[in-house]
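Student: Under my numbering, the letters of the sequence shown match residues 68 to 291, in that order.
Structure below; questions to follow.
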Amino acid sequence: MNKTFNLLFFIKKNKIRTNGTAPIYLRITIDGKAAEIAAKRYIDPKKWDNKSQKAIGNSQEAKTLNSYLKNLEQQVYDFHYLMLKEEDFITADSLKSKLLGTDISTRMLIPIFQDHNDKVEALVGQDFAPGTLERYKTSLKHTQEFLIWKYKTSDIDITKIDHAFIMDYDFWLRSVRKCANNTAIKYIKNFKKIIRLCMANGWLAKDPFLGYKAKLKVVERPVS
Numbered sequence: 068m069n070k071t072f073n074l075l076f077f078i079k080k081n082k083i084r085t086n087g088t089a090p091i092y093l094r095i096t097i098d099g100k101a102a103e104i105a106a107k108r109y110i111d112p113k114k115w116d117n118k119s120q121k122a123i124g125n126s127q128e129a130k131t132l133n134s135y136l137k138n139l140e141q142q143v144y145d146f147h148y149l150m151l152k153e154e155d156f157i158t159a160d161s162l163k164s165k166l167l168g169t170d171i172s173t174r175m176l177i178p179i180f181q182d183h184n185d186k187v188e189a190l191v192g193q194d195f196a197p198g199t200l201e202r203y204k205t206s207l208k209h210t211q212e213f214l215i216w217k218y219k220t221s222d223i224d225i226t227k228i229d230h231a232f233i234m235d236y237d238f239w240l241r242s243v244r245k246c247a248n249n250t251a252i253k254y255i256k257n258f259k260k261i262i263r264l265c266m267a268n269g270w271l272a273k274d275p276f277l278g279y280k281a282k283l284k285v286v287e288r289p290v291s
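Written as C-alpha cells, this is what we have:
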C-alpha cells in the first residue's frame, strides 16, 4: 500500500516560448518518486501563482485555465482511487501511464535475472569469481523450478512478487530441494540481489523482503 501521494502544478521557465509563455506541468509524487505530465497549457510566468498553483486574477482566461487544471487534477485523483482498488501499490509512472492511456511494458523476472547473470559472466575474472557466477546460475535454475512448482508457469511479472512469494520460495528450497539452512539462505540472498536491482530501477515500489528474517547457523566442524 502506498504511503504518500502528492500533486503539484508548476511552470517550466526554462522552456519559455517566443511569445513569452511557459508550459504548465503536473508532477505526480508517490512515495518520494515523481513523474511529470505536460498539462498542454501555457501561461505568462507573471500571471502564475506558485503557491496556489494556478493562474492569478479573475479574468475569463484565468478562470478557464484554472478550471482546466482543476479537472485534470480530479482525473488524476479518480485514476489513483481506481488503481488503489485494483492493485496493492502503484507508482508515479504507472499512474501517469493510466492518465495518458499508455501501457508500461510488463517486466518479467526471468529475463531480468538472466540479464544480470550475463553481466556477471562478462565480468568474471575482473569483478566476480567463477564460483559467484555458478551460484547465480544455480539460483536462476532454482527460481525457474520454484515458479513451475508453485505457479505452474515458467515466468512471472515482477510486480507480482510479494512477501508471500519470498516465504514460499524459502519453504520450497528447504522442503522440496532439501537445502540446509545456510544453503537456502545463500540462494535467497542471490535472489534478493535481483529484487534490489528491480527496486533500484524503479520497477518495484515495495520491497517483498520486508519482514523476512533468516539467520546463518554456525557449522561446527570436527577438529582433526
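The beta-carbon is built from N, C-alpha and C at its ideal position, and this holds for glycine as well.
1. Looking at residue 121 and residue 138, is the spacing between their C-beta atoms short of 7 Å?
2. Under 7 Å between the Cβ atoms of residue 215 and residue 162?
3. Tell me whether residue 180 sits in a helix, a strand or coil according to DSSP, three-state version.
4. For residue 129, which of 144, 112, 166 and 141 has the nearest alpha-carbon?
5. For residue 176, which option in 248, 265, 275 and 283 has the closest C-alpha, if you only look at C-alpha atoms?
6. Would you verify that the beta carbon of residue 204 is, or is not, closer than 7 Å to some beta carbon of chain B?
7. Would residue 224 pass as a contact of residue 158 if the rule is Cβ separation under 7 Å?
8. Mind checking whether residue 92 and residue 72 have CB atoms under 7 Å apart?
9. Excluding five sequence neighbours on each side, which residues of the same chain lie with their C-beta closer than 7 Å to the C-beta of residue 187?
10. Could you round the C-beta distance between residue 108 and residue 148 to whole angstroms and report it? I think they count as a contact, below 8 Å.
11. Less than 8 Å between the CB atoms is what I'm expecting for residue 145 and residue 102, so what's the real figure, rounded?
12. Quick one: what's got a C-beta closer than 6 Å to residue 281's C-beta in the same chain, skipping five residues either side?
13. Roughly how many angstroms separate the alpha carbons of residue 241 and residue 248, rounded to a whole number?
Tutor: This is what the structure holds:
1. no
2. no
3. helix
4. 112
5. 265
6. Judged by its chain identifiers, the structure shown contains no chain B, having just a single protein chain.
7. no
8. no
9. 195, 199, 200 and 203
10. Not confirmed; about 24 Å, so no contact.
11. That pair is no contact at about 17 Å.
12. 252
13. 7 Å
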